[in-house]
Amino acid sequence: MARSDKLYKRSYNACLDRLALGWEVSSISGLARDLGVSRNTARRIVVTLCANGLLVEQGGGFKALRNAIGTDYFSDDVVLSTEDFLESAFMELILREDIRPGARIREAVIARQLDVSTSSVREFLIKLSRFGFIRKEPGKSWVFDGFNRAYADELHEVRLLFEMRAIEKLIVLPEEDRFWPSISRMLTEHREFLKHYEERYLEFPKLDTRFHRLLNQASRNRFMDSFQDVIALIFHYHYRWNKVDEKERNCTAAREHIRIIEAIILRNTQEAKNALEAHLKTAEVTLKKSVEW
């Protein structure tokens with residue numbers, strides 16, 4: 636997909652988030668400025684919104700006709716960069732195929748399964764190998780090694796440090812920052828998940844990854860952001876080893892997320908930190924119970 640098309644689709648999704656908060660589209664120029672895109676891209680977004688029954692032209696501007704629903708959004712697989720897509724898709728592949736320590740992973744096989752280039756897969760695996768749980772063998776084969784208790788302790792410590800700092804930075808973001816529509820949408824998604832968690836509880840790893848990635852990305856720190864793919868892979872990969880209470884675990888974690896989100900939206904720093912600390916402690920305990928050491 637062309638870069639410009641990805642930009643359009645990401646911006647379209649961002650516009651839907653803003654409309655959900657009562658944001659108004661006064662003009663094409665105003666929309667372009669607010670989204671940080673060209674007038675042509677803004678015009679294309681408005682045309683699509685009108686065609687989909689979300690907006691109607693009125694009095695020189697545009698009026699919202701209805702709130703967006705999930706199917707109005709472009710899916711992650713068409714708006715993510717190749718690197719972001721690989722992080723998500725590789726994690727899903729590891730979970731789905733239940734790959735265990737000692738298993739060999741071949742670049743060409745992964746590239747074919749995910750429909751990306753072999754070079755993209757190689758770059759991604761090299762990035763992961765820095766964290767010590769996957770290593771390169773001669774040729775194009777990699778070995779998945781897993782990790783130990785000391786690794787788990789270190790991971791929790793760094794995760795707590797990064798995400799606590801992210802909370803501090805997010806709380807003081809200005810009202811017009813794009814983070815606020817995104818976190819509001821995340822709250823809605825969590826509430827919808829809990830309404831239907833009996834049928835959807837296996838979807839939680841993806842929702843959890845997106846939630847923590849949003850916190851780290853919005854903190855505008857490249858090191859925090861790049862750390863999230865490692866966290867997601869390790870935590871959810873090992874969680875899935877232990878199927879006991881999986882449904883209850885996911886439900887509890889979703890409720891903990893909601894507590895964090897609500898505190899952030901209220902700009903209550905201490906409550907957000909307390910909620911985050913409790914959530915990460917739960918995650919640490921669950922991880923240690925799930926791993927086959």
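Residue numbers (this note's numbering): 636 to 928. Even glycine gets a Cβ: it sits at the ideal position worked out from N, Cα and C. Nothing here was measured: the structure is a model prediction, and the numbers come from that model.
Item to check | CA nearest to the CA of Glu792, picked from Ile663, Leu654, Leu666, Lys916 | outcome: Lys916
Item to check | Between the CA atoms of Phe720 and Thr921 - distance to the nearest angstrom | outcome: 27 angstroms
Item to check | Three-state secondary structure (DSSP) of Arg679 | outcome: helix
Checklist entry - Can you list the beta strand (DSSP E) stretches of 3 or more residues lying completely in the segment 743-805, in chain order? => result Fully enclosed beta strand (DSSP E) runs of 3 or longer: 769-771, 776-779.
Checklist entry - Is the Cβ-Cβ distance between Ile769 and Thr904 less than 8 angstroms? => result no
Checklist entry - If we count Cβ pairs, one from each stretch, closer than 8 angstroms, do we get three or more for the segment 825-833 versus the segment 805-816? => result no
Checklist entry - Which of helix, strand or coil does DSSP assign to Phe709? => result coil
Checklist entry - Is the CB-CB distance between Val681 and Ile663 below 8 angstroms? => result yes
Item to check | Range covered by the alpha helix (DSSP H) that runs through Ile900 | outcome: 881-900
Checklist entry - So, does the CB of Ala918 fall closer than 8 angstroms to a CB anywhere in chain B? => result This model lacks chain B altogether; it includes just one protein chain.
Checklist entry - Quick one, are the C-beta atoms of Leu642 and Leu689 less than 8 angstroms apart? => result no
Item to check | CB of Asp652 within 8 angstroms of CB of Arg820, strictly | outcome: Cβ atoms of Asp652 and Arg820: closer than 8 angstroms.
Checklist entry - Residue range of the alpha helix (DSSP H) that Glu811 falls in? => result It is not in any alpha helix (DSSP H) - Glu811 carries neither H nor E in the DSSP assignment.
Next on the checklist: Quick check: what's the CA-CA separation for Ala910 versus Ala889?
Outcome noted: 12 angstroms
Checklist entry - What does DSSP give as the partner residues of Leu690 in its beta bridges? => result Ala699
Checklist entry - Between Asn851 and Leu795, what straight-line distance do the alpha-carbon atoms span, to the nearest angstrom? => result 12 angstroms
Checklist entry - Between which two residues does the beta strand (DSSP E) carrying Ile740 extend? => result Per DSSP, Ile740 belongs to the beta strand (DSSP E) from 739-741.
Next on the checklist: Less than 6 angstroms between C-beta atoms, sequence neighbours within five positions excluded: which residues of the same chain meet that for Trp658?
Outcome noted: none
Checklist entry - Which whole-angstrom value is the C-beta distance of Ile896 and Ile806, which I expect to be below 8 angstroms? => result With a Cβ gap of about 12 angstroms, Ile896 and Ile806 do not count as contacting.
Checklist entry - Pick from Leu808, Arg845, Ser854, Pro809: whose alpha carbon is nearest that of Leu822? => result Arg845
Checklist entry - Going by beta carbon distance, what residues of the same chain come within less than 6 angstroms of Leu684, once the five residues before and after it are set aside? => result So the qualifying residues of the chain are Leu690.
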